[in-house]
Amino acid sequence: MDIKNKEITSRDEDFAKWYTDVCKKAELMDYSDVKGFIIYRPYGYAIWEEIQNYLNKEFKKTGHENVYLPLVINESLFNKEKEHVEGFAPETLIATIGGKEEIQDRLIIRPTSECLFTDHYSKIISSYRDLPKLYNQWCNVVRWEKTTRPFLRGAEFLWQEGHTMHRTSDEAKEETLKMLEIYDRMGRDLLAIPFVKGRKTDKEKFAGALETYSIEALMHDGKALQSGTSHYFGDGFSKAFGVSFLDSDGKIKNPYQTSWGVSTRLIGAVIMVHGDDNGLVLPPFVAPIQIVIVPIQMNKEGVMAKCNEVYETLTNAGLRVKLDKSDKTPGWKFNEYEMKGVPLRIEIGPKDVTNNHLVLVRRVDHNKEFLDINEELVNNIQNELKNIHQLMYKKALANLLANIHEIHSLDELKEALDKGGYAKMMWCGDRACEDKIKELYQATARCIPFDELPFDDTCPVCGKKAKYVVLFARAY
RNA sequence: CGGGACGUAGCGUAGCUUGGUAUCGCGUCAGUUUUGGGAACUGAAGGCCGCUGGUUCAAAUCCAGUCGUCCCGACCA
0 MDIKNKEITS
10 RDEDFAKWYT
20 DVCKKAELMD
30 YSDVKGFIIY
40 RPYGYAIWEE
50 IQNYLNKEFK
60 KTGHENVYLP
70 LVINESLFNK
80 EKEHVEGFAP
90 ETLIATIGGK
100 EEIQDRLIIR
110 PTSECLFTDH
120 YSKIISSYRD
130 LPKLYNQWCN
140 VVRWEKTTRP
150 FLRGAEFLWQ
160 EGHTMHRTSD
170 EAKEETLKML
180 EIYDRMGRDL
190 LAIPFVKGRK
200 TDKEKFAGAL
210 ETYSIEALMH
220 DGKALQSGTS
230 HYFGDGFSKA
240 FGVSFLDSDG
250 KIKNPYQTSW
260 GVSTRLIGAV
270 IMVHGDDNGL
280 VLPPFVAPIQ
290 IVIVPIQMNK
300 EGVMAKCNEV
310 YETLTNAGLR
320 VKLDKSDKTP
330 GWKFNEYEMK
340 GVPLRIEIGP
350 KDVTNNHLVL
360 VRRVDHNKEF
370 LDINEELVNN
380 IQNELKNIHQ
390 LMYKKALANL
400 LANIHEIHSL
410 DELKEALDKG
420 GYAKMMWCGD
430 RACEDKIKEL
440 YQATARCIPF
450 DELPFDDTCP
460 VCGKKAKYVV
470 LFARAY
């Protein structure tokens, strides 16, 4: 059965082209008139909504509250934390005219909201009894990026940013890692993406943070994608913005702060981790449509009735189902929903009506089977979705593990990077060695992964004593 | 922001060298017949050729600028 999609460039031919083909043909997004600003079409936005649903539950379970802060920040407020400003200044969009008058204190369209949150916290925190403050907001942010790609890097993107304040540094550090853990679980349970968790090097840290942790994913083309970050700020912002509280010992102290976020970039990760030459392949639990029902010869006796019956049964069980009643041919529909990555397809035709069964086809591997239409149907389908999720996760994990190359010399480093994937190496900790790798091979330190044992004594770049295991990769 | 490629109907394209308002396929709409891997026939709609300006009697075509997309770098979630 040749099922090669005719409209999508193959991944091996041109991965970048394949990516944008999928984004557009699967109707996830469209370009707008302004560079870097995309239209999230319903099917793409629905994926984001599933991510939101998952995370909102997790955030609330862990005591976080959703809030909404303004889109704009006074430039004078923004300028209060020096490192932060220097980090973001090159990519801010600034509003300078209101109505017809020039704005004196110019308005920065938020690239992130640390300033606003911290400033707000300075007004509402005065006692240790006010702590911790665990806020999250879902919003858009704007960064004036020079090169943009759908979902991966836009001038505007959607995300959530958690901002929390804590009584002690230990508590704040714990929060930072706790949220990283939630992101990691989201990868495992929702997106079927295995992440590498780790700490960022100083060079790669967030502007103003003491520690940055990240989840890193490996794309099909061997490039890495930073998929989420969690930052520990210490009390730097607190001090700069005058946030203080009276502790139980009667002393005035500055609280310790964290922030953490994931963005619509995750949609890009899902596309590039799981997709194939026929288009998108969506993990069942983020898929806006989990099951599509394609009627065959729908005007034949009993076909539509059976389709409707199955549709009702599955929908009532809480599954996201689409019954495509359009008069397109079955073949067209097969291709269409494959391109859109719908995990399961049900075919029901006259023969199936006679036998009271249906044809079930998995997107991920085209595995085809017959299923009886009986009281076990919902269970069987739900199990199949779980199976698909496991299958996709295992596949992605195998690809990740197969592409972490332990290297011991610069030559091996180059070889590993050219092959694609992560080069795992020992590192002295000097910025100079990072810079050199960047210059020689266009690769950056993705993270210092957790729980790794040293396997060499020296840094392959400079030959000095090695301190850390670090992963280098070419990244998006 | 540096180097390169491109921009003609929703999508993919021909025409550009040698100026005379546009070709073809897919898709769209109406109707009929169809339907187990991208249906067939008949009829129809849809474009001031990315945008702005210049040259010219006349610009998709020549010139300049600008915007956008993609690729390779620098920067970043």
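Numbering that gives the first Met the number 0 numbers the first residue of the first sequence as 0 and each following residue consecutively.
Positions of the beta carbon are idealized from the N, C-alpha and C atoms, including for glycine.
Being a predicted model, the structure only gives us computed values, none of them experimental.
| Asked | Found |
| --- | --- |
| Whole-Å CB distance - Y120 paired with D246, under 8 Å assumed | Not really, about 16 Å apart at Cβ, beyond 8 Å. |
| Top-ranked residue by Cα proximity to R40, from R142, L76 and E48 | E48 |
| Span separating the alpha-carbon of S213 from that of E300 | 56 Å |
| Of the listed residues P287, M425 and E203, nearest to E451 (C-alpha basis) | M425 |
| Cβ contact (3+ pairs, closer than 8 Å) linking the region 142-156 and the region 197-211 | no |
| CB contact flag (Q225, L54, <8 Å) | no |
| Proximity below 8 Å, CB of K327 to CB of Y42 | no |
| Touch test, the region 101-108 against the region 58-78, Cβ-Cβ under 8 Å, three pairs minimum | yes |
| CA-to-CA distance, M28 to I192, given in whole angstroms | 22 Å |
| Any alpha helix (DSSP H) of 4 or more consecutive residues that is wholly inside the region 282-362 | 302-315, 329-338 and 349-354 |
| Q136 versus L68 - alpha carbon distance | 8 Å |
| At least 3 beta-carbon pairs within less than 8 Å: the region 243-261 vs the region 272-292 | no |
| Anticipated Cβ contact below 8 Å, I403 with K423, distance rounded | 5 Å |
| Distance CB(R473)-CB(L412) smaller than 8 Å | no |
| Of the residues T117, E155 and L157, the one placed nearest H165, counting alpha carbons only | T117 |
| Ordered list of beta strand (DSSP E) runs contained in the region 116-184, each at least 3 residues | 132-141 and 155-165 |
| Where the beta strand (DSSP E) through H404 begins and ends | I403 to E405 |
| Proximal residues to I406 (C-beta, below 8 Å), its chain only, five neighbours per side dropped | L412, E414, A415, A422, K423, M424 and P459 |
| C-alpha gap between E383 and V358, whole angstroms | 13 Å |
| Buried or exposed by the 16-neighbour rule on C-beta atoms within 10 Å, applied to T228 | buried |
| Closest Cα partner of I288 within the set G317, S262, K466 and E308 | G317 |
| Same chain only: Cβ atoms within 7 Å of G428, ignoring 5 sequence neighbours per side | K466 and Y467 |
| Any 3 or more C-beta pairs closer than 8 Å across the region 306-321 and the region 375-393 | yes |
| Beta strand (DSSP E) runs wholly inside the region 215-245, at least 3 long, in chain order | 223-233 |
| DSSP state of I436 mapped onto helix, strand, coil | helix |
| Contacts around D183, its chain only, beta-carbon distance under 8 Å, and the 5 residues preceding and following it disregarded | F194, K196 and I214 |
| Counted within 10 angstroms of its Cβ, other Cβ atoms place E433 as buried (16 or more) or exposed | buried |
| Rounded separation between L217 and D20 - CA only | 20 Å |
| CB contact flag (I295, I347, <8 Å) | yes |
| Per-residue DSSP class, three states only, for F454 | coil |
| Check whether V352 and V302 have beta carbons under 8 Å apart | yes |
| Beta-carbon gap between E85 and E144 smaller than 8 Å | no |
| DSSP beta-bridge partners of P89 | In the DSSP output, where bridge partners are listed per residue, P89 has none listed. |
| Helix, strand or coil at L70 according to DSSP, with G and I counted as helix | coil |
| 8 Å contact criterion, which S168 and G97 should meet: CB distance rounded | Contact doesn't hold; Cβ gap of about 41 Å is too wide. |
| Environment of E113 [buried if 16+ CB atoms lie within 10 Å] | buried |
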